[in-house]
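Trainee:
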Amino acid sequence: MVLDSFEKDLNELLVDTFRSILKVEEDTLRSTKIDLSISELHLLEAVGKNREQGRTISELAQELDITLPSVTVAINKLLKKGYVQKKKSGEDARMVYVILTKQGSKVDHAHRYFHRQMVRQVSSGFSEEEKQILARGIFKLDAFFKRKSAEMEK
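To get the working numbering, take the position in the sequence shown, counting from 1, and add 300.
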């Protein structure tokens with residue numbers, strides 16, 4: 301299969317952009333004294349989406365599209381490092397929620413701040429029209445990959 305020029309250029313752009321984002325995030329993380337991997341940071345971010353109640357292992361697995369055992373192992377590592385804790389539901393003692401500790405909350409806030417700053421810097425040179433076009437294009441890309449992922453799971 302031969303890619304036409306647009307397809308080839310878009311493919312290279314997507315791959316290069318993905319790598320660049322990951323590298324910036326990894327380099328930033330390495331420059332801190334935080335003892336977490338990128339995937340652990342993203343797991344903390346997912347836990348932090350419901351700060352009051354916390355999140356169940358199932359909710360986290362579904363959101364991050366990883367297996368329950370993988371989430372359980374990762375959460376247990378974060379528990380040992382002091383970034384999360386588990387609490388039982390008041391209504392159903394079998395239900396366990398994962399919540400951020402004070403330390404986990406600080407790291408999550410710093411990570412969210414990093415992302416906000418990165419987006420601000422990326423978009424600072426764009427006109428409002430360019431921002432809207434970019435957002436629509438990325439929304440369509442995201443929808444495509446989510447559909448593709450769902451199809452592959454069937």
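The beta-carbon is built from N, C-alpha and C at its ideal position, and this holds for glycine as well. Just so we're clear, the structure is a prediction, and the values are computed from it rather than from any experiment.
Pick helix, strand or coil for Lys-454, following the three-state DSSP scheme.
Mentor: For the purposes of this step, residue 454 is taken as residue 154 along the sequence shown, with counting starting at 1. The answer is coil: DSSP assigns Lys-454 none of H, G, I, E or B.
Trainee: With a threshold of 16 other CB atoms inside 10 Å of the CB of Ala-393, please say whether the residue is buried or exposed.
Mentor: As a first step, residue 393 must be located in the sequence shown, where it is residue number 93. The residue is exposed, with fewer than 16 neighbouring Cβ atoms inside 10 Å.
Trainee: Use the C-beta contact count for Glu-326: other C-beta atoms within 10 angstroms, 16 or more gives buried, fewer gives exposed.
Mentor: Numbered from 1 along the sequence shown, position 26 holds the residue referred to as residue 326. It is exposed - the Cβ of Glu-326 has fewer than 16 other Cβ atoms within 10 Å.
Trainee: Looking only at C-alpha atoms, which of Leu-368, Arg-319, Ser-405, Val-315 sits nearest to Glu-352?
Mentor: For the purposes of this step, residue 352 is taken as residue 52 along the sequence shown, with counting starting at 1. Distances from the CA of Glu-352 to each of Leu-368, Arg-319, Ser-405, Val-315 were compared; the closest alpha carbon is that of Ser-405.
Trainee: Kindly indicate which three-state DSSP category Leu-400 falls into: helix, strand or coil?
Mentor: Sequence index remark: in the sequence shown, residue 400 carries index 100 (1-based). If DSSP states are grouped into helix, strand and coil, Leu-400 belongs with the strands.
Trainee: Does the contact criterion of 3 or more C-beta pairs under 8 Å hold for the stretch 366-378 versus the stretch 338-358?
Mentor: yes
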